[in-house]
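Comments concern the structure below.
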Amino acid sequence: DAKTTQPTSMDCAEGRAANLPCNHSTISGNEYVYWYRQIHSQGPQYIIHGLKNNETNEMASLIITEDRKSSTLILPHATLRDTAVYYCIVRALGGSQGNLIFGKGTKLSVKP
Amino acid sequence: EAQVTQNPRYLITVTGKKLTVTCSQNMNHEYMSWYRQDPGLGLRQIYYSMNVEVTDKGDVPEGYKVSRKEKRNFPLILESPSPNQTSLYFCASKQFPGQGRAEAFFGQGTRLTVV
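These protein sequence lines are chains A and B, in that order. All you need for the working numbering is the position in the first sequence, starting with 1, plus 37. All you need for the working numbering is the position in the second sequence, starting with 1, plus 10.
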């Protein structure tokens, strides 16, 4: 699985958009970009995933660059409850193990 | 409601006393796995199971056992716990890799302390 690089921490004002970057310059053609978050030692929660097109769901948007070497998770109107560690994970959809390799992630602090 | 349920949520035990942490999912998922989370080391996979009676080691399997006798249950067994197994444990389930929905569902965690 490709390695990812994320900033250690970020701050965001409540109500503003939170843009969390992820670098995955060694991503291969069959690997997807997944985002999970973990709120204060709770179980990680799936947010969104994508291959090459931008994706949007009720939680967030995922913007993937044309060369697929980086992506940005966007929380359009961050709330205090979005304070969490956000993990960007790259892996193939049909990987035999299904193992998710969590790096250190980005600690997002949403401030009033 | 789709969920992964772990029990107990908190456990303090003594070195060498066998324990089992249960995990159950109600989504008919084929794939289940166990992770441990430690400060500075992140989440690491202990064991996984692709289906009933099919289990395999993850990245840190030493000191742990698992079984998968039923599709919905995947217990984690510590035959002789030691203090270095003090950790936060998560069970996860997902549909078989490559089929259907891609996301993994995680339990709420079990905080284990071995003294």
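All residues carry an ideal CB built from backbone N, CA and C; glycine is no exception.
Asked                                                                                                : Found
Selected residue, minimal CA-CA separation from P49 of chain B, among B:Q95, B:V125, B:G117          : B:Q95
L88 of chain B (DSSP reduced to helix, strand or coil)                                               : strand
Cβ-Cβ distance between T23 of chain B and S92 of chain B below 8 Å                                   : no
Beta-carbon spacing of R54 of chain B, V70 of chain B below 8 Å                                      : yes
Under 8 Å between C-beta atoms of Q16 of chain B and F115 of chain B                                 : no
Inter-residue Cα distance where the pair is P18 of chain B and E72 of chain B                        : 21 Å
Residue(s) in a DSSP beta bridge with N60 of chain A                                                 : A:T42, A:S107
Residues within the region 77-91 of chain A neighbouring chain B, beta-carbon criterion of under 8 Å : S78, Q79, G80, P81, Q82, Y83, H86
Exposed unless 16 or more other CB atoms sit within 10 angstroms - verdict on H39 of chain B         : buried
Nearest neighbour of Y41 of chain B, chosen from B:S59, B:L51, B:G52, B:L29 [CA to CA]               : B:S59
Residues bridged to L145 of chain A [DSSP beta-bridge criterion]                                     : A:M47, A:A121
CB contact check: A112 of chain B to chain A, cutoff 8 Å                                             : yes
Residues that Q118 of chain B contacts on chain A, provided the C-beta gap is smaller than 8 Å       : Q79, G80
Minimum Cβ-Cβ distance from Y99 of chain B to chain A less than 8 Å                                  : no
Through-space distance from R128 of chain A to A102 of chain B, alpha-carbon basis                   : 17 Å
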